[in-house]
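**Q** Chains as they are written, first to last, in our numbering: chain A, 386 to 1014; chain B, 10 to 242; chain C, 13 to 261.
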Amino acid sequence: MSFSAIVIQFLNGLAGTSSLFLVAAGLSLIFGVSRIVNFAHGSFYMVGIYLAYSLIEYFGRGSALGFWGAILLAGLGVGLIGIVVELVLLRRIYQAPELFQLLATFGLVLVIKDVALWIWGAEELFGPRAPGLRGGIEIMGRTLPEYDAILIVIGPVILGLLWLLLTRTRWGTLVRAATQDREMVGALGVNQAWLFTSVFALGAFLAGLGGALQIPREPANLLLDVTVIGDAFVVVVVGGMGSIPGAFLAAFIISQIKAFCIGIGTVEVFGASFAMSKFTLVAEFVVMAIVLVVRPWGLLGRPQAMPRHAGAAEERISLASRPLSMAAFAVLAILIVLPATADTYTLVLLVDIFVFALFAASLHLMMGPGGMVSFGHAAYFGLGAYGAGLLLLKAGLPMELALALSPLVGALGALIFGWFVVRLSGVYLAMLTLAFAQITWASVYQWDEFTGGSNGIVGVWPAEWLTSKTVFYFMTLLLCGASLWLIRRIIHAPFGYTLRAGRDSPLRADSIGIDLRRHQWIAFTIVGAFAGLAGGIFAFSKGSISPEGLAIPRSVDGLVMVLLGGVQTLTGPVVGAAVFTWLQDEVARQTEYWRALLGLTIIGLVLAFPQGIVGFVKARLPARLGGGL
Amino acid sequence: MLRVAGLHAYYGQAHILSDVSLEGNAGEVVVLLGRNGAGKSTTLKSIIGLVRPAQGEITFEGRRIDGLSAHRIARLGLGYVPEERRIFTDLTVMENLEVGRQPSRAGAPAWSPDRLFRLFPNLGEMRNRPGGRMSGGEQQMLTIARTLMGNPRCILLDEPSEGLAPVIVEQMAATIRELKQEGLSVVLSEQNLHFAASVADRATIIEKGRIRYTGSMAELQANDAIRAQYLTV
Amino acid sequence: MSVLKVQDLAKSFGGVRAVQGVSFTVEAGELLALIGPNGAGKTTCFNMLNGQLRPDQGEVELGGESIRGLAPREIWRKGVGRTFQITATFASMTVIENVQMALVSHDRRTLGLFARTAGLYRKEALSLLDLVGMADQSERPCGVLAYGDLKRVELAVALANGPRLLLMDEPTAGMAPQERIALMALTAEIVRARNIAVLFTEHDMDVVFAHADRIIVLNRGELIAEGAPEAVRANARVQQVYLGSGGHH
């Protein structure tokens, strides 16, 4: 790259900083005060860009006043949506466990996506260039678009304004105080409800504005929500949760990496050519991993306490009570005789349920006894699925062997990622798992030659003797049943107790000689193996694998199952997986807008059962029946 | 001024307070004495609205306040100084005071940072120091100053002497006596009888969530039997 | 040989000297109290001994062997038990499971994937609980115990590895006066019978003067007095910076 090219890429990176910073700053502010990780923040960005598009069309493409007015109004409109969301939804669940709040905001992601689909359609929408700023600025013989120059200025200006707002106004002082101890702020006579609403509105406004400002640079589309929330997580974690300057610094770094990866284009290394532009996601997440290992709280952040448990409190675990064991055997007996009468459709659905029960149970082992929340559990599921598929098709292994190796592939991925992950805790740990899941997804998605890219792999069929749906059903029942039994043994074994010890009190665990990190790392690997097995079975049951299998929504599916079922008992995720898988199947058959229905269902369930379905039932059962549930 | 009658409170299944009654008159220092876990903090938290009592009536200056949210109770002129200090460690002394600031009200002493720094000279020397870099004693003074910024007519102090060096405890007692002279009513919870005796006019003893004794501090000092039974110092 | 020997210990945070030039020893069967005003450096000092913090300077020896810079879990394996100012127990486990956990860890069996933890080391755990008077509550969840009882559980856990030294950070904080005396009397009885050395910090001077064999006083990071309780109580400097006029309750 020539010097002038470097300068231009640097300026490109600076222009990209602004929007990213706006989204991340809003996310950070909201988390600081309400302790809610707002998954829907990317959706606010997306709505911002769509609203800007529509408003510009309404005011007419030619008018500069109309253009800037549209951008500002789009931001304000999203701020207004933020107020409604806060008043109608979040306000009711501030007392619920944090992970349930997260679920509710994910439900919101689904709803907003479908509303956007309904209003704006599935096609990408290209906005106009900014009136009066269509030219370029000559810099060392190259051209920087004028609009980019404006963006370069906007970012720092908003950083400055936010800084003034937070340090020079009473509102800012109250926000910073509430970030530390909101209850105390209330006891000093400050109306917290109002404070929360205003912070949420500001955060949403910033996200909406960030989106709107991008309308001349990128088309509005329905994938932006998840892409942007992924980027925003990276920025917030790299910069440090709660630090606005940190968010700016991190947005700057990430944007520069993107700009340079794209600017470099294709490079030749030892005769092989690499398209660097395809590695932007990977490069971004590698930076995040490095920062987190060196500075676990982000570049400008500070250690943050995070809820370690998603349930009401750490609950005792106990062996199954007699009625519960009998119920389990009864269910098993029914499942064994069922194929005699059931149709193929039911068997296929049950295979899905078994697979996701195992997937959810493995996540439960990590989240419940392990106390480590994963936002990216689909990575290990996907590794198992792709591992099995590739071993079958590329390595030519027999299907049985490919399936047997799928847990090892999942475990290997977990072993490598886990080494980084267990260095962190709480929300940082969760976000790092998401980052690794995104790396895995991006690698799979972009490596066309090996993984089939966005098309995935087809022709992953089971061996001859397993082609009968009934035989496959029994194999799945056997493998998943045995795995669940094993997970239960582990939870009651010294290893499971040691994990719980570390979750309950890391301080005490450390002071009785327990190397917590090592145990967590091993747990992470074991969990990866179980998820990998689930993925392997899934691949063969469908005959094909696509990158969606390890994308963020799949990870969230797992979270929904565990949290709906109840995080502190093994029965919970199994019930959650069954209900969720069945529900998803039912809803998807009914309507094109199944996502919105699913989202509304999740939100409804969170509002109705803040302790999970099993927790809800347990609270209404006599203790002697509920033991071990 | 402050009247609590027939208060019951629960945490989950546990019955923390049962039939607690308490009265604080204008210009008076009342102490709620009891052991750890006896229900002192819960009583104060119920009054300020941080714990929602299951049953009972709380009135402040003749107005029902049970069921109101904490910020509305605070705005009526009832200040609360929590146990464990809970200052905003990221904020400076001045910013901590700003969070507590409320408009001045009739019938209550009006406080400004400058006036508070005369009461707590230490704090005046560290106006821009973050709360996290202050000693325990200084933090305790700051929590009181912060609450006073709300210009309360009555303040609730939750175990102000806990965890402080004996020499700081003496300063704390002097401060409370000064506040009383300013015309503030004070309700404090304590385990430390010596400290309580040096500031309080009246005492109420709570044990296992029930009120066991109410009377003047002088009477309690004279009543060896009651002290031996509930306080055993 | 002293059980614990601390020499010229120092630690700074961002240029501020939290602890400097602190030296002392603790002998087997002795209770040594560490007292001083808030912010005097007691916690920093304590955390350098238990491995939470790495000293900038100085030496810490346990039975003649340096433990400076080791991780807390390594220091525990050398025979140092700990209790905390705010009790740290495993809230989702029963009283006996808390003690069993320490015993399982002591025998390095925490990686077991199949054994049922509930059946391991029950007898040993029960006898430790019996020692601290908690055997009758062994099956209760730790999350619902009274505070004083939690302190006893912590003591049993701290004794599980047969320690040479106990580090107790404000062992009676948050307890009622009567419980304080009872807990410290129990501690004193156990450690004397087993010849364990104890270093504890404490704010309650009644507890300190009733149970400490010796006292050391920290102020602004430096040791300003050391000696028998009566001598320390009479020390003018200690009265001025810490005890105040009410040093004799």
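Note that the Cβ used here is the ideal one computed from N, Cα and C, for glycine as well. Predicted, not measured: the structure shown is a model, and the values here were computed from it.
Bridge partners of residue 38 of chain C, per DSSP?
**A** C:16
**Q** Relative to the C-alpha of residue 819 of chain A, which residue among A:671, A:580, A:500 and A:434 is closest?
**A** A:671
**Q** To be precise: take each residue of the stretch 474 to 506 of chain A, compare its Cβ to all Cβ atoms of chain B, and keep it if any distance is under 8 Å. Which residues remain?
**A** none
**Q** Less than 7 Å separating the beta-carbons of residue 451 of chain A and residue 460 of chain A?
**A** no
**Q** Expressed to the nearest angstrom, what Euclidean distance is found between the alpha-carbon atoms of residue 961 of chain A and residue 994 of chain A?
**A** 12 Å
**Q** In terms of alpha-carbon separation, which member of A:734, A:483, A:902 and A:927 lies closest to residue 843 of chain A?
**A** A:927
**Q** What first and last residue would you give for the beta strand (DSSP E) that runs through residue 29 of chain B?
**A** 23 to 33
**Q** Round the Cβ separation of residue 901 of chain A and residue 484 of chain A to the nearest angstrom and send it over; I've been treating them as touching at under 8 Å.
**A** With 8 Å as the limit, residue 901 of chain A and residue 484 of chain A do not qualify as a contact, their Cβ atoms being about 21 Å apart.
**Q** Please classify residue 757 of chain A: does DSSP put it in a helix, a strand, or coil?
**A** coil
**Q** If you drop the 5 nearest sequence neighbours on each side, which residues of the same chain put their C-beta closer than 8 Å to that of residue 184 of chain C?
**A** Same-chain partners within the cutoff: 163, 191, 192, 195, 196, 214, 216 and 219.
**Q** Roughly how many angstroms lie between the CA atoms of residue 692 of chain A and residue 402 of chain A, to the nearest whole one?
**A** With a pLDDT of 39 at residue 692 of chain A, under the threshold of 50, the predicted position of this residue should be treated as unreliable, though the coordinate-derived value follows. Cα to Cα, the separation comes out at about 31 Å.
**Q** Of the choices C:79, C:202 and C:235, whose alpha-carbon is the least far from that of residue 49 of chain C?
**A** Taking each of C:79, C:202 and C:235 in turn and checking the Cα distance to residue 49 of chain C, the smallest one comes out for C:235.
**Q** In angstroms, rounded to a whole number, what distance separates the CA positions of residue 679 of chain A and residue 89 of chain B?
**A** Cα to Cα, the separation comes out at about 42 Å.
**Q** Looking only at its chain, what residues have a beta carbon closer than 6 Å to the beta carbon of residue 234 of chain B, apart from the 5 residues adjacent to it on each side?
**A** none
**Q** Output the boundary residues of the alpha helix (DSSP H) element that contains residue 442 of chain A.
**A** Residues 426 to 444.
**Q** Reducing DSSP to helix, strand and coil, say where residue 643 of chain A ends up.
**A** helix
**Q** Since residue 495 of chain A is in the alpha helix (DSSP H), which residue starts that stretch and which ends it?
**A** 483 to 505
**Q** Give the secondary structure of residue 33 of chain C by DSSP, where H, G and I count as helix, E and B as strand, and everything else as coil.
**A** strand
**Q** Based on Cα-Cα distance, which residue from B:186, B:198, B:17 and B:85 lies nearest to residue 42 of chain B?
**A** Closest by C-alpha distance to residue 42 of chain B, out of B:186, B:198, B:17 and B:85, is B:198.
**Q** I want to see whether chain A comes within less than 7 Å of residue 26 of chain C, judged by CB atoms only; does it?
**A** no
**Q** Looking at the unbroken alpha helix (DSSP H) that takes in residue 772 of chain A, where does it start and where does it end?
**A** 763 to 778
**Q** Counting Cβ pairs closer than 8 Å, one from the stretch 460 to 477 of chain A and one from the stretch 587 to 597 of chain A, do we hit at least three?
**A** yes
**Q** Using a beta-carbon distance below 7 Å, is residue 129 of chain C in contact with chain A?
**A** Output row for residue 129 of chain C: interface = yes.
**Q** Return the residues of the stretch 565 to 577 of chain A that lie within a Cβ-Cβ distance of less than 7 Å from chain B, sorted by chain order.
**A** 565, 566, 568, 569, 570, 571, 572, 573, 574, 575, 576 and 577
**Q** Expressed to the nearest angstrom, what Euclidean distance is found between the alpha-carbon atoms of residue 473 of chain A and residue 582 of chain A?
**A** Rounded to the nearest angstrom, the two C-alpha atoms are 11 Å apart.
**Q** For residue 576 of chain A, which of helix, strand or coil comes out of DSSP?
**A** coil
**Q** Taking all protein chains shown into account, decide if residue 430 of chain A is buried (16 or more other Cβ within 10 angstroms of its Cβ) or exposed.
**A** buried
**Q** What does a CB cutoff of less than 7 Å around residue 173 of chain B pick up in its chain, not counting 5 residues either side in sequence?
**A** 145, 146, 149 and 181
**Q** Does residue 84 of chain B have its Cβ less than 7 Å from a Cβ in chain A?
**A** yes
**Q** Pick helix, strand or coil for residue 180 of chain C, following the three-state DSSP scheme.
**A** Of the three classes helix, strand and coil, the one that applies to residue 180 of chain C here is strand, per DSSP.
**Q** Kindly indicate if chain A contains any beta-carbon less than 7 Å away from that of residue 84 of chain C.
**A** yes
**Q** Determine the direct distance from the alpha carbon of residue 95 of chain B to that of residue 250 of chain C, and round the result to whole angstroms.
**A** Distance between the alpha carbons of residue 250 of chain C and residue 95 of chain B is about 29 Å.
**Q** Under 8 Å, CB to CB, which of the residues in the stretch 546 to 560 of chain A have a partner in chain F?
**A** Among the chains of the structure shown, chain F does not appear; the protein chains present are A, B and C.
**Q** Considering only C-alpha positions, which residue in the set B:229, B:19 and B:33 is nearest to residue 163 of chain B?
**A** B:33
**Q** In the DSSP assignment, find the unbroken beta strand (DSSP E) run with residue 213 of chain B in it and report its ends.
**A** Residue 213 of chain B -> beta strand (DSSP E) spans 211 to 216.
**Q** Can you list, in chain order, the residues of the stretch 104 to 134 of chain B whose Cβ is nearer than 7 Å to any Cβ on chain A?
**A** If you check each beta-carbon in the stretch 104 to 134 of chain B against every beta-carbon of chain A, the ones closer than 7 Å belong to 104, 107, 108, 109 and 111.
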